[in-house]
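Listed in order, the protein sequences are those of chains A and B.
So for the first sequence, my numbering puts the first residue at 234; every next one is plus one.
So for the second sequence, my numbering puts the first residue at 234; every next one is plus one.
Ideal Cβ placement from N, Cα and C applies to all residues, glycine included.
Here the structure is a predicted model, which means the values were calculated and not measured.
First comes the structure, then the notes that go with it.
Number of protein chains: 2
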Amino acid sequence: LNSSHEVEKFSILRIKNEERIECQDQIVKEIALTIFFNDTEIVTILCSPVHLNFLALGFLLNQGFLKTKKEIKNITLEERKGLVWVESSRDVSEIKGVIEKRLITPGCGKGVVFFYHPTDAILSQKNTSSLSLSPATVSSLMKEMQERSFLYRTTGGVHSAALADGKNKNILFFHEDIGRHNAIDKVIGQCFWEEISLADKIVVTTGRISSEILFKMAKQKIPVLISRSAPTNQAIKFAQKLGITLIGFVRAGKMNIYSHSERIS
Amino acid sequence: LNSSHEVEKFSILRIKNEERIECQDQIVKEIALTIFFNDTEIVTILCSPVHLNFLALGFLLNQGFLKTKKEIKNITLEERKGLVWVESSRDVSEIKGVIEKRLITPGCGKGVVFFYHPTDAILSQKNTSSLSLSPATVSSLMKEMQERSFLYRTTGGVHSAALADGKNKNILFFHEDIGRHNAIDKVIGQCFWEEISLADKIVVTTGRISSEILFKMAKQKIPVLISRSAPTNQAIKFAQKLGITLIGFVRAGKMNIYSHSERIS
Chain A
234 LNSSHEVEKF SILRIKNEER IECQDQIVKE IALTIFFNDT EIVTILCSPV HLNFLALGFL
294 LNQGFLKTKK EIKNITLEER KGLVWVESSR DVSEIKGVIE KRLITPGCGK GVVFFYHPTD
354 AILSQKNTSS LSLSPATVSS LMKEMQERSF LYRTTGGVHS AALADGKNKN ILFFHEDIGR
414 HNAIDKVIGQ CFWEEISLAD KIVVTTGRIS SEILFKMAKQ KIPVLISRSA PTNQAIKFAQ
474 KLGITLIGFV RAGKMNIYSH SERIS
Chain B
234 LNSSHEVEKF SILRIKNEER IECQDQIVKE IALTIFFNDT EIVTILCSPV HLNFLALGFL
294 LNQGFLKTKK EIKNITLEER KGLVWVESSR DVSEIKGVIE KRLITPGCGK GVVFFYHPTD
354 AILSQKNTSS LSLSPATVSS LMKEMQERSF LYRTTGGVHS AALADGKNKN ILFFHEDIGR
414 HNAIDKVIGQ CFWEEISLAD KIVVTTGRIS SEILFKMAKQ KIPVLISRSA PTNQAIKFAQ
474 KLGITLIGFV RAGKMNIYSH SERIS
């Protein structure tokens, strides 16, 4: 997809102290994507208009609608209308609980919403990955992601999230989105679709780390999460408990290691 | 509320190039707040543990559950449990549509969700406020908010939103939260509770401006919205259409005016 798909030009007035310049500026595009799961409308998300299939898959996976790629029967995207249908062969009775819980407790419409279940079995398993990395690698992964992020450099209006290999310590792919959750969900969705295990990988992001982001990582068994921004206290507590190395404020050779620093060589 | 209520100390490993320092760091707190409206559970939000009443009121107002302060019968906050009940005398049949729409179309659980109705009558009215301000005022309002934001300076992990007077151009109050939507909702909630009209005020925020944030401003008839960050294309288009002056990237004497620059003197 070319950049015109992701940005739009606007005439703006730019002011620098006493100077006033009428100029063209590149602005990041926003669309509303409505996700359907087996004919049930699940959610509408404001997002960047790229890799919408990955966003839908990542979202449905995080929320418990999907488990494996095999159960996907069809994905239909109507990009112009902002609609995506994911059809699954998963047994309806199994998903019914997920949908009903959502209907009874809508939990809608906010910047951040709470959807993990602290009783999830997967969240009681401590990550014991022996992956290790140096501070120099942490810095260079963050630098590489930001340099490759065309949209961020052009518009300043997106978050990025990248998947990096735990062995070779290189970035495998990355996504950008106006929402920090969406960028992470696109990474998770691509891994799901391409059947890439996250258990021996590193996730790098520009966004702040709340417990909700941390839980998405824990469910995918990611051992190391690196952010340019701040974590919350709950994110640190769960990272400590779940065996995840959480690194924040990665900027110009500096960083804070909040948990499981034994993975930092 | 003192700062210990909003931050928690953690032992971290701080790395600066070759240097490694074990130290204490102040981390921003996160709680989950569940909002009930007349016994119906509406939403659970991850947020900062302060001014939760204002957050609940701002959220319910934005979502169409509330109209005027008179209809509030009671607000009960159980802060430790993260629960708030807002009881309203508003005619149930009037709210039924809002709740049912949410139950049928749950729209849950994401970084950003879409809840405005483009047919809302209020959104067809163009803002004609004669408020005007200078670039120097824009810069100084942003600077003042950031200087006063203790949590931001301490933790780097929050967004701020402030209400400024349109005449005297001073900051009346401001709120901080781990979510950029929450900070804005707290400002709107406080105005609702204290019966302050927003029609002759300025809102200043650190967060990015999506169409959803812009619509919250439009509903409250705010004529000027100032951000430290980027807008999306949809936010600019609706600002143009709805008569709102949208200013972004306000940093060190610089700024971009995206719409209705006639209010900039």
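In three-state terms, what does DSSP make of residue i?
| i | result |
| --- | --- |
| R253 of chain B | strand |
| D410 of chain B | strand |
| A265 of chain B | strand |
| T361 of chain B | coil |
| T438 of chain A | strand |
| T465 of chain A | strand |
| L288 of chain A | helix |
| S372 of chain B | helix |
| S382 of chain B | coil |
| D258 of chain B | strand |
| F448 of chain B | helix |
| L279 of chain B | strand |
| I308 of chain A | strand |
| E428 of chain A | coil |
| F270 of chain B | strand |
| L293 of chain A | helix |
Counting contacts by CB-CB distance shorter than 8 Å, is residue i in contact with chain B?
| i | result |
| --- | --- |
| D258 of chain A | yes |
| V420 of chain A | no |
| T309 of chain A | no |
| E241 of chain A | yes |
| I328 of chain A | no |
| V261 of chain A | yes |
| R441 of chain A | yes |
| L290 of chain A | no |
| L279 of chain A | yes |
| I411 of chain A | yes |
Taking just the CA atoms, how far does residue j sit from residue i?
| i | j | result |
| --- | --- | --- |
| V437 of chain A | D272 of chain B | 41 Å |
| C341 of chain A | L279 of chain B | With a pLDDT of 38 at C341 of chain A, under the threshold of 50, the modelled position of that residue is not reliable, and the figure given next carries that caveat. Cα to Cα, C341 of chain A sits roughly 12 Å from L279 of chain B. |
| R381 of chain A | S393 of chain A | 10 Å |
| P282 of chain B | K303 of chain A | 42 Å |
| R484 of chain A | S372 of chain A | 7 Å |
| F482 of chain B | T361 of chain A | 43 Å |
| A468 of chain B | E255 of chain B | 44 Å |
| F270 of chain B | T478 of chain A | 39 Å |
| N286 of chain B | R253 of chain A | 42 Å |
| R247 of chain A | N489 of chain B | 5 Å |
| L374 of chain B | I455 of chain B | 16 Å |
| A265 of chain A | W318 of chain A | 14 Å |
| Q358 of chain A | E428 of chain A | 21 Å |
| K419 of chain B | Q473 of chain B | 25 Å |
| F406 of chain A | F425 of chain A | 14 Å |
| L431 of chain A | K449 of chain B | 38 Å |
| N307 of chain B | E320 of chain B | 5 Å |
| Y349 of chain A | L458 of chain B | Residue confidence for Y349 of chain A is low, a pLDDT of 46 falling below 50, so the modelled location carries little weight; the figure read from the coordinates is stated next. Y349 of chain A and L458 of chain B: Cα-Cα distance of roughly 34 Å. |
| F471 of chain B | G297 of chain A | 35 Å |
| K242 of chain B | R386 of chain B | 15 Å |
| E311 of chain A | H284 of chain A | 12 Å |
Can you give the beta carbon distance from residue i to residue j, rounded, assuming they're within the 8 Å contact cut?
| i | j | result |
| --- | --- | --- |
| S498 of chain B | S367 of chain B | 5 Å |
| L447 of chain B | G399 of chain B | The Cβ separation is near 18 Å, so there is no contact. |
| I404 of chain A | M378 of chain A | 6 Å |
| I421 of chain A | N295 of chain A | 7 Å |
| T439 of chain B | A463 of chain A | About 13 Å; that fails the 8 Å criterion. |
| E190 of chain A | S443 of chain B | Here chain A covers residues 234 to 498 and nothing more, so residue 190 of chain A does not appear. |
| E239 of chain B | L384 of chain B | 6 Å |
| G390 of chain A | T465 of chain B | 6 Å |
| L288 of chain A | N401 of chain A | 27 Å between Cβ atoms; not a contact. |
For residue i, write down the residues that DSSP places opposite it in a beta bridge.
| i | result |
| --- | --- |
| D433 of chain B | In DSSP, D433 of chain B forms no bridge with anything. |
| I497 of chain A | A:L366 |
| G481 of chain A | A:N489 |
| H238 of chain B | Paired residue(s): none; H238 of chain B is not in a bridge. |
| F243 of chain A | A:D258 |
| A416 of chain B | A416 of chain B pairs with nothing; no bridge assigned. |
| V457 of chain A | A:I435 and A:T478 |
| L396 of chain A | A:F406 and A:V436 |
Between residue i and chain A, is the shortest Cβ-Cβ distance under 8 Å, so that the two count as touching?
| i | result |
| --- | --- |
| T438 of chain B | no |
| K249 of chain B | yes |
| S444 of chain B | yes |
| I245 of chain B | yes |
| S494 of chain B | yes |
| G390 of chain B | yes |
| P368 of chain B | yes |
| P464 of chain B | yes |
| I435 of chain B | no |
**Message:** Which residues of the segment 466-492 of chain B have a Cβ closer than 8 Å to any Cβ of chain C? Give them in chain order.
**Reply:** Of the protein chains in this structure, namely A and B, none is chain C.
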